[in-house]
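**Student:** Residue numbers (our numbering): 9 to 99.
Cβ coordinates follow ideal geometry from the N, Cα and C atoms, glycine included.
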């Protein structure tokens with residue numbers, strides 16, 4: 009987080025509250041840090057994560073089935089549209 013301009017002492021305590029989101033950067037180059045997502049538990053997401061790289065940095069991505077479950081559970085129109093596209097790509 010320091011690479012993105014955050015000092016540990018500047019992180020608000022609210023980020024540790026349920027359903028908190030910490031945004032840093034400005035769209036289209038913005039990172040949203042969520043401490044939970046709908047429809048998927050952390051153990052499930054971690055167990056089925058897919059390892060990869062973002063540039064040279066190793067990262068873990070949410071698995072496709074867990075991503076679909078998340079998109080299906082939010083109730084947001086954009087997530088429903090995203091889910092439809094994911095389903096089309098899976099066929």
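Taking residue 28 as the reference, which of 48, 74, 46 and 41 has the closest Cα?
**Tutor:** Per the Cα distances, 41.
**Student:** How would you call residue 95, buried or exposed, if buried means at least 16 neighbouring beta carbons within 10 angstroms?
**Tutor:** Exposed, because fewer than 16 other Cβ atoms sit within 10 Å of the Cβ of residue 95.
**Student:** Give every residue of the same chain whose Cβ lies closer than 8 Å to the Cβ of residue 87, excluding the five residues on either side of it in the sequence, and list them in chain order.
**Tutor:** Closer than 8 Å at Cβ, skipping near neighbours: 78, 79 and 80.
**Student:** Whose C-alpha, out of 73, 22 and 50, is nearest the C-alpha of residue 97?
**Tutor:** Measuring from the Cα of residue 97, the nearest candidate turns out to be 73.
**Student:** Applying the criterion that 16 or more other CB atoms from any shown protein chain within 10 Å of the CB defines a buried residue, is residue 89 buried or exposed?
**Tutor:** Flag for residue 89 reads exposed.
**Student:** Using the beta-carbon count (16 or more within 10 Å), is residue 53 buried or exposed?
**Tutor:** It counts as buried.
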